[in-house]
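Visitor:
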Amino acid sequence: MMLVNLKSSVGIRTGKDGRSLISNVRGGTQLVKTVRSLAESLVHVGESSLCRMELVATTTCQDVVDIRSKVLEMSSALKNIWIHLSSEVIYLSLLQKINSLVATVRSILAWEGALAILSLDSRMESEEKSQEVVSCSSVETVKGTDTNAEKKSRKKKKPVVLGKGTAVVKQLLKDRLKSEGDDKGTVESSFSVLNKWARDLCLFFEPKDPELDTFLKKVKETVESNESTKLDPPKGTRDFAKEQKAFRDKVVEIIKEVFRGHGASALETPAFELRQTLMGKYGEDSKLIFDLADQGGELCSLRYDLTVPFARYVARHGLTSFKGYQIGKVHRRDNTAKGRYREFYQCDFDTAGKNETMGTMGPDFEVILVLTELLDVLNIGDYEIKLNHRKLLDGMLEICGVPPEKFRTICSSIDKLDKESFEKIEAEMVEEKGLTAEVANKIITLVKKRGHPSELLSELKQDNLFLENNASSLALKDLEILFEALESSKCIHKVVFDLSLARGLDYYTGVIFEAVSKVANVGSIAAGGRYDNLIGSLGTKQVPSVGVSLGIERVFDVMEAQHRGIDRATETQVLISILGDSLGEAAELVPQMRLAKIKVEFCVNKKIKKHIDLALNSKIPFMVIIGDRERSANQVRIKDMQAETEDLVDRAGVVEELQRRLKLN
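Structure follows, in structure tokens:
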């Protein structure tokens, strides 16, 4: 538009021959300086586009020679126009060269667009064919005869994934270019198709083309849609609205009451730890730790759980006995899914140190008791607690013939059985972990065992292989004591003895357990176990410990599935409504009500509707209304929002009347 106006202006001022010099026209020098600056920016756009074209042609196209020749041709034209434009002193000649520049850059962009669409189509088609070949070769390969290199070569490649905006623009342009036979063209014989598409796109980019306006509107809608998604929180994290936050706070208070009821003290540790503190504690899950940028020479990471920070705290202070609870955020660089987040709260109850008054298995019994109390008081519906013993797992692996150095990595495979099939895990043990098929089959046969704690325990105790193995024999004795205590406490019906439970974290040494909901498919909602060596690995003293961690996000997911929540974000009991602009009246009443333990808000506005809307939206049960009539009579009007009644009360007695209605006396 600017160029059109400039051309008209020049035509008027320069006469028919159009030979006026720029310097002779009033304001011409400054105007042309601005136009040349814009033209230079346009040249840079063209140069960048040409660079991208050459890169795409080099990496994805076979017609590289033809495309490079076209790139050189357009690059040369662009440079020549800019050289002449930079030194031009005649107005109309300058405008002609600018028009040529615009046309050249438009042509370059059209070629880039056509090449991008064609190369993307070609790449997707190539990968589909490649995957078909891989699938066929996989079927033909005899099980057990392929090498690791062959396995890696057959791994499925990630498909080409376009961003939302790119995909939309590509499809819009493709729809424009589609004509009979064109959409079947491939890069291998594509230069003529590319040339045709580029000409078509060049016409499409002409402002006079009626379809361009529709195209730009759709692009604008896509961009605005993408802009709104930039305000979304990162994947695996969530915002919580005021009602959700109020409900969460209420649930957290219930959890704290259970923890405190068992004599635990509150503890808070930093959200990040020294990296060396966290490394070597989580087995194969260590790859999920979020590392932070180096700050002042300290390598730090966001905490993966609350157990290691608890152990670090106990070791640092040289404690030999401590029972505490923590509620805080942890972070994991995990793939997001239903019930799987990257940032979430954990609620941990841990007890450290030997306790002669509770016996050897007393602390283990207590943490399971805490867990059952939590899940019962939260009323999340039916659940089960899967339970096993790490020493029983080690003994079982030894009996099956697994080398000791592979115990932890095989446990990591077993730990995936809640997500993967027995057949897939058996194959993983053989193909990736190096076990023989016979050993892997023995393990799978054993880990399929699950049932009532006392019954399965009796079955295992009849097997001499378990009794003769030192690790499994110790585990069976621990479990016998624990199951007797759970039987006495009437909790045993919630527990399932499950030999497939492994808990992949390296620090567990004894009883391990995991709670899962039977009413919502959200995965594990709580887990824990004994970790006797963790504190000693961080300090100088071995302090036996056991704990449980409740994944509160998944608990809320279960509650949401049950349509449970809270309909009030605040606990406000009274809204003081001043009809007018007398802030002083509110300032007088609010402190009086706060002293009387009444939860109060105030509103100063002339329109009664504003006050009523606020009370209704916030679900405030009572309003104290003061208008001109109430003011002149030294009274207030108490409105009961639920009963929809109003009563006049002397101003001096309003606090006492509200206390009576709220039953605060």
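So for the sequence shown, the numbering used here puts the first residue at 24; every next one is plus one.
Cβ atoms here follow ideal geometry from the backbone N, Cα and C, with glycine treated the same way.
Return the CA-CA distance between K517 and E449, expressed in angstroms with no decimal places.
Guide: 29 Å
Visitor: Between the beta-carbon of A137 and the beta-carbon of L224, is there less than 7 Å?
Guide: yes
Visitor: Curious, which full-length alpha helix (DSSP H) runs of at least 4 residues does the stretch 418 to 504 contain?
Guide: 430 to 437, 445 to 454, 460 to 470, 476 to 484, 487 to 491
Visitor: Name the residue from A525, P476, F536, L528 whose alpha carbon lies nearest to the alpha carbon of E507.
Guide: P476
Visitor: From A525 to T432, what distance separates their C-alpha atoms?
Guide: 11 Å
Visitor: Under a Cβ-count criterion, where at least 16 other Cβ atoms within 10 Å of its own Cβ denotes burial, should E389 be classed as buried or exposed?
Guide: buried
Visitor: For the candidate residues E446, I535, L117, whose alpha-carbon lies nearest to that of E468?
Guide: Checking the displayed sequence, the identity of residue 468 turns out to be Thr instead of Glu. Ranking E446, I535, L117 by Cα distance to T468 puts E446 first.
Visitor: Does the stretch 596 to 604 come close enough to the stretch 630 to 647 that 3 or more CB-CB pairs lie under 8 Å?
Guide: yes
Visitor: List the whole-angstrom C-beta distance separating K472 from L522, where the pair is believed to meet the contact cut-off of C-beta under 8 Å.
Guide: With a beta-carbon spacing of about 5 Å, K472 and L522 fall inside the 8 Å limit used to define contacts.
Visitor: Excluding sequence positions up to five away, which residues of its chain have a Cβ less than 8 Å from the Cβ of N464?
Guide: E449
Visitor: Quick check: the Cα distance between L685 and G382, rounded to an integer number of angstroms?
Guide: 49 Å
Visitor: Can you have a look at E608 and say buried or exposed, based on whether 16 or more other CB atoms are within 10 angstroms of its CB?
Guide: Counting of Cβ neighbours within 10 angstroms places E608 among the buried residues, the total reaching 16 or more.
Visitor: With a threshold of 8 Å on Cβ separation, who are the neighbours of E70 within its own chain once the five nearest residues in sequence on each side are excluded?
Guide: S98, L101
Visitor: Are the CB atoms of R577 and G362 within a distance shorter than 7 Å?
Guide: yes
Visitor: Would you tell me roughly how many angstroms separate the C-alpha atoms of R298 and E291, rounded to the nearest one?
Guide: Approximately 19 Å, taken between the alpha carbons.
Visitor: Just how far apart, CA to CA, sit L497 and Q318?
Guide: 46 Å
Visitor: With DSSP collapsed to three states, give me the class of D711.
Guide: Since the displayed the chain opens at 24 and closes at 688, residue 711 lies outside it and no answer follows.
Visitor: By how many angstroms is the C-alpha of V647 removed from the C-alpha of D670?
Guide: 10 Å
Visitor: Note down the Cα distance separating L410 from S309, rounded to an integer number of angstroms.
Guide: 24 Å
Visitor: Is it buried or exposed for L681, if we count other Cβ within 10 angstroms and need 16 for buried?
Guide: buried
Visitor: Out of D604, N122, Q658, A592, which has the shortest C-alpha to C-alpha gap to A264?
Guide: A592
Visitor: Hey, which unbroken runs of the alpha helix (DSSP H) at 4 residues or more fall wholly within the stretch 607 to 656?
Guide: 631 to 640, 651 to 655
Visitor: So, Y364 versus G259, is the Cβ gap smaller than 7 Å?
Guide: yes
Visitor: Between I90, G551, H107, which has its C-alpha nearest E63's C-alpha?
Guide: H107
Visitor: From what residue to what residue does the beta strand (DSSP E) around I113 run?
Guide: Neither: I113 is in no beta strand (DSSP E) and is coded neither H nor E.
Visitor: Find the nearest neighbour of G385 within the set E503, V281, D357, judged by alpha-carbon distance.
Guide: E503
Visitor: Does DSSP classify H67 as helix, strand or coil?
Guide: H67 falls in the helix class under three-state DSSP.
Visitor: Check whether the stretch 618 to 626 touches the stretch 567 to 576, taking contact to mean three or more Cβ pairs, one atom from each stretch, closer than 8 Å.
Guide: No: fewer than three Cβ pairs fall under 8 Å.
Visitor: Residues in the same chain with beta-carbon distance under 6 Å from D555, minus the five sequence neighbours each way, listed in chain order, please.
Guide: T532, P567
Visitor: In terms of DSSP beta bridges, what is Q658 paired with?
Guide: D673
Visitor: Compare the Cα-Cα distances from D529 to each of E461, K513, R283, S436 and report the closest residue.
Guide: S436
Visitor: Are the beta-carbon atoms of E396 and V281 separated by less than 7 Å?
Guide: In contact: E396 and V281 (Cβ atoms closer than 7 Å).
Visitor: Please go through the stretch 260 to 306 and give each complete beta strand (DSSP E) segment of 3 or more residues, from N-terminal end onward.
Guide: Here the runs fully enclosed are 295 to 297.
Visitor: On the DSSP bridge assignment, give the partners of S123 in chain order.
Guide: According to DSSP, S123 bridges with nothing at all.
Visitor: Helix or strand or just coil, what does DSSP make of Q565?
Guide: coil
Visitor: Who does E321 pair with in a DSSP beta bridge?
Guide: By DSSP's assignment, E321 forms a beta bridge with Q318.
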